[in-house]
Amino acid sequence: MTKRGWWFAGVMVLGALLLPFWAEYAREPFVLDVIIRLMILAIAASSLNLILGYSGMVSLGHAVFIGIGAYAVGIPAYYDLNNGWLQLAVALGVSGLFGLLTGLICLRTRGAYFIMITLAFAQMMYFIFVSIEEYGGDDGLVIYARSEMGLGVDLNDNNQLYFLVLICLLAVMILVHRLTRSDFGQVIKSIKINEVRMQALGYSTFRYRLVCYVISAMICGLAGWLLGNFTGFISPEMMDWTRSGELIAMVLLGGAATVVGPLLGASIFIGVETLLPEVTLYWHLYLGILLIIVAKFGRGGLLGWWTQWLRGTRS
Amino acid sequence: MSHALEARGISRSFGGIHAVVDVDLRLAKGEIRAVIGPNGAGKTTLVGLLAGSLKADNGEIHLAQRNATRLPVHERVKLGLGRTFQITSLFGTLSVFENIAIAVQSYQGHSFRFWRPANRKSALIERVHELARDMGLEQDLHTPAETLSHGKHRLLELAMALAAYPSILLLDEPAAGLGIEETQNLIAILDHLKQDAAILLVEHDMDVVFSVADEVTVMVDGAIIATGSPDDIRSNQRAQQAYLGESGPDHA
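Chain order of the listed sequences is H and L. In this text, residue positions in the first sequence follow the numbering used here: the first is 18, and each later residue adds one. In this text, residue positions in the second sequence follow the numbering used here: the first is 472, and each later residue adds one.
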């Protein structure tokens, strides 16, 4: 990253740290809610970016892991098991396991088939949760208590939840940064460019893609765990394929295969979703148009444009 | 004598086309075997079958005395197999360094490391430089592979195939499109390589074939019609008819 980039990141983190105090001072608690949701979506989009951006696998079922993470809060809470660490372990464990089992099947396919089969698995989970009446079925399930973390942390305080989400987001971004530049990351990126060659060099490409898929699933499960805590309500709708589509849009809008891209994409998405409805009912239309423009003209997403523009101004 | 590579009666059809028919092949370390034949003779299919990217319909393949018939590509690499591709197959957007490094990394085996930055280990860097030096690519280490000349693409292919110290090398037309000087360079490299490996060389350039091959195998329509020393093949009537008459050195 450039020096300017680090400065920018520093200012952003400082701003994020100060935001709750400003929100309290300005009596705008709603802003905090918007940013919490934004950061959770950015975590989910970052996880998708690992497989979509860095490994070139377009999954149309990634939101299923958000659902799994959220139900990992909701279902234990339904039985008065509010221990946050337990819920987190369940969220990570089950999404990782679901990623492993479905990945064993999905990753044997490519391109359109991969899209279809990830979609199929996600819809399967969707309808399974729709059919379980005990946990609200179609209507969803209200979570009456947020996770209890101990250590003096109280997530019922929105500010504390905010900081927890912020820490998770930063941790995930650092993880993605390190991971994609590690030995493992080199392998994943090279498989995306030329899988046949990687096999001829002795790599069991399937194994590496599977590990990447499972890591991605677990990070998305973390996002779901946070989202369940934040919204206090979960429904199968959270893992609907349109949610997965939105995650893809965020990654592509911001800039695939970059660390900051998903955060930028999530910001744009939340920005459009929050601001445009005040002007027009048909805000999806404008998001669609924006997507078309980015897909047509900006291969690297908005972040790609930005870096190109920076280069242009320097030379 | 123990063979590094042994194929027994391997065949492969695509639909009604018999691409490779009942091919037997034995190669020992220290030997360069050239496979020649007209276009469509099944040479590249043969390489695919030996490398494992294609599955044989019949027959058995043994690598380093192990039955490799059912092993996938990457497992065969672990038995000492290395290959280059007829159509250059690189990581175009990555630098020459990164191309070679990913090959070295496979051999040095530390690909499930998730945290520390890649390409910083001195053993890896040393080996990358060594391979680049051997192929004359040292000046190009930081150039994106896709911007190299065609001749250097072929050399980079070879550098990557050599990273794992292969004991069996399958080279699919390494000299295709090379200039005279580059070809001479390649011949010298091959001569040196055969000390440590059994080399199967699919090649159209008869200068290369006749200057490096210990044995020549002629394929026509998927089957081997003749095998012998370069001199035998030169004087072999059937081989002449099938192939050499059109583009061989005698013709020129």
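Ideal Cβ positions, reconstructed from N, Cα and C, are used throughout, including at glycine.
**OP:** May I ask you to list the residues that DSSP assigns as paired with residue 507 (chain L)?
**Re:** Bridge pairing for residue 507 (chain L): L:689 [DSSP].
**OP:** Return helix, strand or coil for residue 701 (chain L), following the three-state DSSP convention.
**Re:** Look at residue 701 (chain L) here: in three-state DSSP terms it is helix.
**OP:** Within 10 angstroms of the Cβ of residue 102 (chain H), are there 16 or more other Cβ atoms? Answer buried if so, exposed if not.
**Re:** Exposed.
Original post:
What does residue 216 (chain H) touch in chain L if you count any residue whose Cβ is under 7 Å from its own?
Top reply: Taking a Cβ-Cβ threshold of 7 Å, the residues of chain L close to residue 216 (chain H) are 544 and 545, in chain order.
Original post:
Hey, does residue 292 (chain H) have any beta-carbon neighbour from chain L nearer than 8 Å?
Top reply: Chain L contact via Cβ: absent.
Original post:
How is the beta strand (DSSP E) around residue 495 (chain L) delimited, first residue to last?
Top reply: Note, residue 495 (chain L): beta strand (DSSP E), 488-498.
**OP:** Give the DSSP bridge partners of residue 642 (chain L), in chain order.
**Re:** Within the DSSP secondary-structure output, residue 642 (chain L) pairs in a beta bridge with L:672.
Subject >> Separation of residue 645 (chain L) from residue 706 (chain L), as counted between CA atoms >> reply: In a straight line, the C-alpha of residue 706 (chain L) is about 25 Å away from that of residue 645 (chain L).
Original post:
What is the residue span of the beta strand (DSSP E) that residue 483 (chain L) lies within?
Top reply: It spans 476-485 - the beta strand (DSSP E) in which residue 483 (chain L) sits, taken as one unbroken run.
Original post:
Among L:541, L:510 and L:635, which one has its Cα closest to the Cα of residue 481 (chain L)?
Top reply: Checked all of L:541, L:510 and L:635; the closest Cα to residue 481 (chain L) is L:541.
Original post:
Going along the chain, which residues of the region 187-220 of chain H sit with their C-beta nearer than 7 Å to a C-beta in chain L?
Top reply: Shown in chain order are the members of the region 187-220 of chain H whose Cβ falls below 7 Å from a Cβ of chain L: 195, 196, 198, 199, 200, 201, 202, 203, 204, 207, 210, 211, 213, 214, 216, 217, 218, 219 and 220.
Original post:
Does the distance from the C-beta atom of residue 267 (chain H) to that of residue 58 (chain H) stay below 8 Å?
Top reply: Going by C-beta atoms, residue 267 (chain H) is nearer than 8 Å to residue 58 (chain H).
Original post:
Secondary structure at residue 290 (chain H), three-state DSSP: helix, strand or coil?
Top reply: The answer is helix: DSSP assigns residue 290 (chain H) an H, G or I state.
Original post:
In whole angstroms, what is the alpha-carbon distance linking residue 309 (chain H) and residue 61 (chain H)?
Top reply: Inter-residue distance for residue 309 (chain H) and residue 61 (chain H) is about 22 Å (C-alpha atoms, whole angstroms).
Subject >> CB contact check: residue 325 (chain H) to chain L, cutoff 8 Å >> reply: Not a single CB atom of chain L sits nearer than 8 Å to the CB of residue 325 (chain H).
Original post:
Since residue 610 (chain L) and residue 595 (chain L) are thought to touch, with beta carbons under 8 Å apart, how far apart are those beta carbons, to the nearest angstrom?
Top reply: Rounded to the nearest angstrom, the Cβ distance from residue 610 (chain L) to residue 595 (chain L) is 20 Å, too far for a contact under 8 Å.
**OP:** List the DSSP bridge partners of residue 615 (chain L).
**Re:** Within the DSSP secondary-structure output, residue 615 (chain L) pairs in a beta bridge with L:566.
Original post:
With a CB to CB cut of under 8 Å and the five nearest residues on each side skipped, what residues in its chain are close to residue 216 (chain H)?
Top reply: Annotation for residue 216 (chain H): 222 place their beta carbon closer than 8 Å to its own, counting only its chain and skipping 5 residues before and after.
**OP:** Evaluate contact between the region 42-56 of chain H and the region 254-264 of chain H, counting only Cβ atoms and requiring at least three cross-stretch pairs below 8 Å.
**Re:** Result no; under three Cβ-Cβ pairs closer than 8 Å.
Subject >> Enclosing beta strand (DSSP E) for residue 532 (chain L) [first to last residue] >> reply: Where residue 532 (chain L) is concerned, the enclosing beta strand (DSSP E) stretches over 529-534.
**OP:** Could you pull out every residue in the same chain whose Cβ sits closer than 6 Å to the Cβ of residue 63 (chain H), ignoring the five residues on either side in sequence?
**Re:** 189, 193 and 279.
Original post:
What residues of chain H sit near residue 599 (chain L), judged by a beta carbon separation below 7 Å?
Top reply: When 7 Å is used as the limit between beta carbons, residue 599 (chain L) is near no residue of chain H, the shortest such separation being about 13 Å.
Subject >> residue 77 (chain H) (DSSP reduced to helix, strand or coil) >> reply: It is coil, neither helix nor strand.
Original post:
From residue 219 (chain H) to residue 549 (chain L), what does the alpha carbon distance come to, in whole angstroms?
Top reply: One C-alpha to the other measures close to 7 Å.
Original post:
Does DSSP put residue 603 (chain L) in a helix, a strand or coil?
Top reply: Helix at residue 603 (chain L).
Subject >> DSSP bridge partner residues for residue 694 (chain L) (one or two, in chain order) >> reply: BP columns for residue 694 (chain L) point to L:691.
**OP:** Report, in whole angstroms, the separation of the C-beta atoms of residue 131 (chain H) and residue 75 (chain H), which I expect to be a contact under 8 Å.
**Re:** Going by Cβ atoms, the distance from residue 131 (chain H) to residue 75 (chain H) rounds to 7 Å, so yes, they are a contact pair.
**OP:** Could you check the C-alpha separation between residue 526 (chain L) and residue 539 (chain L) for me, to the nearest Å?
**Re:** One Cα belongs to residue 526 (chain L), the other to residue 539 (chain L), and the distance between them is close to 11 Å.
Original post:
Is the number of C-beta pairs between the region 104-121 of chain H and the region 280-291 of chain H that are closer than 8 Å three or more?
Top reply: In short, these stretches do not touch, since the Cβ pair count stays below three.
Original post:
What in chain H is Cβ-close to residue 554 (chain L), meaning under 9 Å?
Top reply: Those are 217, listed as they occur along chain H.
Original post:
Okay, do the region 131-140 of chain H and the region 77-94 of chain H touch, 3+ Cβ pairs below 8 Å being the bar?
Top reply: They touch, by the three-pair rule.
Original post:
When the Cα atoms are used, what is the spatial distance from residue 172 (chain H) to residue 608 (chain L)?
Top reply: C-alpha separation (whole angstroms): 58 Å.
Original post:
Is the beta carbon of residue 672 (chain L) sitting closer than 8 Å to the one on residue 544 (chain L)?
Top reply: No.
Subject >> Exposed unless 16 or more other CB atoms sit within 10 angstroms - verdict on residue 313 (chain H) >> reply: It is exposed - the Cβ of residue 313 (chain H) has fewer than 16 other Cβ atoms within 10 Å.
Subject >> Pairwise C-alpha distance: residue 486 (chain L) and residue 585 (chain L) >> reply: Those two C-alpha atoms are separated by around 44 Å.
Original post:
How do the region 509-524 of chain L and the region 611-627 of chain L stand: do at least 3 beta-carbon pairs fall below 8 Å, yes or no?
Top reply: At 8 Å Cβ cutoff, the stretches do not touch.
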